[in-house]
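Here's the structure we're looking at; comments come further down.
Numbering (my numbering), first residue to last: 848 to 1300.
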């Protein structure tokens, strides 16, 4: 009897760091500073919020590193929730990603890439933004079908190029652009503005923190990392730390050229203004290319990591499923014997994302529907450390520094953001939560089928 092909451990530290940094570094660094400028009163507050959000993200990443070391399997987030809170939560996580968040996030990034590409080419753009997005999804699907090593090295290349481009933008701001006039800040009495600052900190974190999103996706490929006990903790730490430092220096460069008041007046053109001031008229074109590469790399990371999560669900439940669901899981969990890649899940990810992109044709409000259930799963995943750590010996390897405060910082901050999201968008939250919970009856049906088998 022929053995079922399995995924192989072929990814090194460079690929892990590239996936963490590449998935986090999209278009947010070019547009979020304008959102933060709308609520900040002083330049130091800008730097404080970016550093604070980096610290919060690092708290989550350091905790996830220990969890991935404990459960270094493909789709590790599924296993973490399953072992920490029960199989229902693991199933709901992947079910939500499978039909809702996964296709929506890939399609959302793809349409942004398509719009930038269409704008950059202008009259020479033969394809519409939707078709550019479809082409980008198909490209990354083909790369990942060729093998995980190919997908990993493409992420290393793209991440290196976009970080080099941002470094060039920073260098131009310091070396070639004229600094903005210094505006004296009013002297304040210590403590008199604590409540306004506390409110600003909440608004600032809400505006910036999701620019750090994407670091969790590396957990999906934990089963293909050569040395997960070393490379996952080190890769997560290096990736998040690198991006935090990069974001801080970028904002120093922005504020050197564009004062805070000017940022408030033109929040969407800050990066373009800096690039033009540094490199002249050609700077705007170079910035568009850099933004294209950044979005392109983030898309590649999603197309590479999400299929591993889908594969994990299919492999875990194919035996207990019956009828059409068994047929579906069998194909979703198919692994190529030649490349050891989850080809069924890769094709499914590309197909559903392309269908969503063709149907909606724009970023739309779809993403808002799933912010709360998706981030709730992230909170539960980090909280699983309190359930799983007591089950392993103290000398089992990497352990989260600062435990238990490190995971608690992430949990408390994210819970506060979710509460504010529910208050601000109750209808969107209700719809998203309802759609996510459609996985409950499917799971219960599978459980009954397993019990009667």
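The beta carbon of each residue, even a glycine, is placed where N, CA and C say it ideally should be.
Residue ranges of uninterrupted alpha helix (DSSP H) with 4 or more members, entirely inside the segment 1158–1208 and ordered along the chain, are 1170–1179, 1190–1207.
Assignment of beta-bridge partners to residue 1072 by DSSP yields 858.
For residue 1106, there is no enclosing alpha helix (DSSP H), since its DSSP letter is neither H nor E. With the rule of 3 Cβ pairs closer than 8 Å, the segment 863–870 does not count as touching the segment 1189–1206. When 1067, 990, 1121 are compared, the shortest CA-CA separation from residue 1027 is found for 1121. Cβ contact annotation for residue 1258 (same chain, cutoff 8 Å, sequence separation greater than five): 1226, 1229, 1230, in chain order. Bounds of any alpha helix (DSSP H) do not take in residue 1246, whose DSSP letter is neither H nor E. Across the structure, residue 1173 and residue 1160 are spaced so that their CA atoms are roughly 12 Å apart. A Cβ-Cβ contact shorter than 8 Å links residue 1138 with residue 874.
With three or more CB-CB distances shorter than 8 Å, the segment 931–949 counts as touching the segment 1281–1298. Rounded to whole angstroms, the separation of the alpha carbons of residue 894 and residue 1099 is 8 Å. According to the DSSP assignment, residue 1294 belongs to the alpha helix (DSSP H) that extends over 1286–1299.
Taking C-beta atoms as the reference points, residue 983 and residue 1103 fail to come closer than 8 Å. Within the model, the alpha-carbon separation for residue 964 versus residue 1124 is close to 23 Å.
Around the beta carbon of residue 989, fewer than 16 other beta carbons lie within 10 angstroms, which makes this residue exposed.
The beta carbons of residue 1190 and residue 992 sit closer together than 8 Å. For residue 1154 and residue 1002, the gap between their C-alpha atoms comes out near 16 Å.
Within the segment 938–988, the complete alpha helix (DSSP H) segments at least 4 residues long are 949–968, listed from N- to C-terminus.
Assigned with DSSP and collapsed to three states, residue 921 falls in coil, not helix or strand.
Its Cα nearest to that of residue 931, the residue 1237 stands out among 1186, 1237, 1292, 1267. Between residue 1097 and residue 1260, the gap from beta carbon to beta carbon reaches 8 Å or more. Ranked by Cα distance from residue 854, the options 1073, 968, 1128, 1091 are led by 1073. The Cβ atoms of residue 860 and residue 1078 lie closer than 8 Å to each other. The beta carbons of residue 1221 and residue 1192 sit no closer together than 8 Å.
Residue 980 counts as buried, since at least 16 other C-beta atoms from the protein chains shown sit within 10 angstroms of its C-beta. Its chain contains 909 as the residues whose beta carbon lies nearer than 8 Å to that of residue 1248, once the 5 sequence neighbours on both sides are disregarded; these appear in chain order. The C-beta distance from residue 956 to residue 1146 rounds to 5 Å, short enough to fall under 8 Å.
The beta carbon of residue 959 lies closer than 6 Å to those of 1142 in the same chain, with the five residues before and after it left out. For residue 1009, the enclosing alpha helix (DSSP H) covers residues 995–1022.
The Cβ-Cβ distance between residue 916 and residue 1128 does not fall below 8 Å.
The count of Cβ pairs closer than 8 Å, one atom from the segment 875–891 and one from the segment 1103–1119, reaches three, so the stretches are in contact. The Cβ atoms of residue 995 and residue 857 sit closer than 8 Å to each other. Each residue's CA atom was taken as its position, placing residue 1062 and residue 904 some 8 Å apart. Residue 1084 is a Cβ neighbour of residue 912, given a cutoff of 8 Å. By the Cβ neighbour-count rule, residue 1115 is exposed, with fewer than 16 other Cβ atoms within 10 Å of its own.
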